[in-house]
């Protein structure tokens with residue numbers, strides 16, 4: 001072993017007979033770092049965990065510790081996932097359109113989910129799913145508190161807080177936002193909707 005960067009290791013092979021040496025890496029290297037470290041980060045994010053969980057996982061599996069600058073991959077992953085998400089959703093919209101005799105008026109099912117049970121969560125996601133294909137064609141993420149700028153004295157220029165109000169109202173607010181942008185961003189109109197919410201959710205909308 002010659003050097004290590006997180007889970008990636010550089011191996012040096014030397015022939016005892018002729019002295020020929022060769023260097024090989026255990027992970028593919030991209031412009032954003034080592035592939036195996038990126039995948040570790042992505043895997044942890046997919047299950048809602050971060051660096052502490054990655055460190056525990058590596059220790060239990062008898063692996064090297066995760067990279068020291070673990071969080072620096074956040075922005076890269078966010079950009080990559082956002083791009084993939086946009087392409088997937090546009091394909092889902094076109095699929096729903098073709099299933100609906102090329103009509104831009106489609107039927108969607110709206111549903112919401114929260115980070116925590118009950119109406120105490122500060123994060124929520126509302127989705128619009130095509131009833132013709134069962135694919136998600138739009139979503140809205142709502143956040144009542146952004147921890148990066150929570151303790152700042154001045155206004156945060158990059159604040160991602162996107163909702164004011166009680167948690168139960170996130171579903172109706174997200175639905176309104178998706179309906180308002182359906183034509184401009186998806187080039188379709190949600191003509192019919194299927195919702196599974198209580199009357200209380202929409203009483204003030």
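Residue numbers (full-length UniProt numbering): 1 to 205.
Cβ atoms here follow ideal geometry from the backbone N, Cα and C, with glycine treated the same way.
Here the structure is a predicted model, which means the values were calculated and not measured.
Could you give the C-beta distance for residue 5 and residue 34, rounded to a whole number, given that I count them as a contact under 8 Å?
-> For the purposes of this step, residue 5 is identified with residue 5 of the chain shown, where counting begins at 1. For the purposes of this step, residue 34 is identified with residue 34 of the chain shown, where counting begins at 1. Between residue 5 and residue 34, the beta carbon gap of about 6 Å places them in contact (Cβ cut-off 8 Å).
Cβ-based neighbour list, residue 93, same chain, cut-off 7 Å, excluding 5 preceding and 5 following | Position 93 of the chain shown holds residue 93. Leaving aside the five residues that flank residue 93 on each side, the residues in its chain whose CB is nearer than 7 Å to its CB run, in chain order, 137, 186 and 188.
Close-in-space but distant-in-sequence residues of the same chain around residue 105 (CB under 6 Å, 5 per side omitted) | In the chain shown, counting from the first residue as 1, residue 105 sits at position 105. Only 189 and 191 meet the Cβ criterion.
Mapping DSSP to helix, strand and coil, what is residue 188?
-> Position 188 of the chain shown, counted from the first residue, corresponds to residue 188. Correct three-state label for residue 188: coil.
Of the residues 91, 89, 145 and 127, which one's Cα is nearest the Cα of residue 178?
-> Along the chain shown, one-based indexing puts residue 178 at 178. Considering only alpha carbons, the answer is 127.
Neighbourhood of residue 133 by C-beta distance below 8 Å, restricted to the same chain and skipping five residues each side = In the chain shown, counting from the first residue as 1, residue 133 sits at position 133. Correct list, in chain order: 92, 95, 96 and 99.
Would you list, in sequence order, the uninterrupted alpha helix (DSSP H) runs of no fewer than 4 residues that lie entirely inside the segment 32-102?
-> Segments of the alpha helix (DSSP H) lying fully in the segment 32-102: 35-46, 51-60 and 74-99.
If you drop the 5 nearest sequence neighbours on each side, which residues of the same chain put their C-beta closer than 7 Å to that of residue 183?
-> By 1-based counting over the chain shown, the position of residue 183 is 183. Excluding sequence neighbours, residue 183 sits near 189.
Consider the C-beta atom of residue 122 and the heavy atoms of the ligand FMN; say whether any pair is separated by less than 6 Å.
-> Only the bare structure without any ligand can be found here, which leaves the ligand FMN out of the picture.
Name the DSSP bridge partner or partners of residue 110?
-> For the purposes of this step, residue 110 is taken as the residue at position 110 of the chain shown. DSSP lists 128 and 195 as partners of residue 110.
By how many angstroms is the C-alpha of residue 63 removed from the C-alpha of residue 7?
-> Stepping through the chain shown from its first residue, residue 7 is reached at position 7. Stepping through the chain shown from its first residue, residue 63 is reached at position 63. So the two alpha carbons sit approximately 7 Å from each other.
Between the C-alpha atoms of residue 145 and residue 175, what's the straight-line distance to the nearest angstrom?
-> Position 145 of the chain shown, counting from 1, holds the residue named residue 145. Position 175 of the chain shown, counting from 1, holds the residue named residue 175. The alpha-carbon atoms of residue 145 and residue 175 are separated by roughly 20 Å.
So does the segment 108-118 actually touch the segment 83-91, counting three or more Cβ pairs closer than 8 Å?
-> Remark: fewer than three beta-carbon pairs, one from each stretch, lie closer than 8 Å, so the segment 108-118 and the segment 83-91 are not flagged as touching.
Per-residue burial, residue 166 [other beta carbons within 10 Å of its own, 16 or more giving buried] = For the purposes of this step, residue 166 is taken as the residue at position 166 of the chain shown. Only exposed fits residue 166, as fewer than 16 other CB atoms lie within 10 angstroms of its CB.
CB-CB under 8 Å to residue 30, same chain, minus the five flanking residues each way: which ones, in chain order?
-> What you label residue 30 is simply residue 30 of the chain shown in a count that begins at 1. Non-local beta-carbon contacts of residue 30 in its own chain, meaning distances under 8 Å to residues more than five positions away in sequence, involve 38 in chain order.
Run the CB neighbour count on residue 59, radius 10 Å, all protein chains shown included, and call it buried at 16 or more, exposed below.
-> Stepping through the chain shown from its first residue, residue 59 is reached at position 59. Residue 59 comes out exposed.
Out of 162, 14, 194 and 17, state which residue places its alpha-carbon closest to the alpha-carbon of residue 125.
-> Translated into the one-based positions of the chain shown, residue 125 becomes position 125. The shortest C-alpha separation from residue 125 is found at 162.
For the alpha helix (DSSP H) that contains residue 172, what are its first and last residues?
-> What you label residue 172 is simply residue 172 of the chain shown in a count that begins at 1. Counting along the chain, the alpha helix (DSSP H) containing residue 172 begins and ends at 170-181.
Pair within 7 Å by beta-carbon distance, residue 40 and residue 24 | Locating residue 40 in the chain shown gives position 40, counting from the first residue. Locating residue 24 in the chain shown gives position 24, counting from the first residue. It is not a contact, given that the beta carbons lie outside the stated cut-off.
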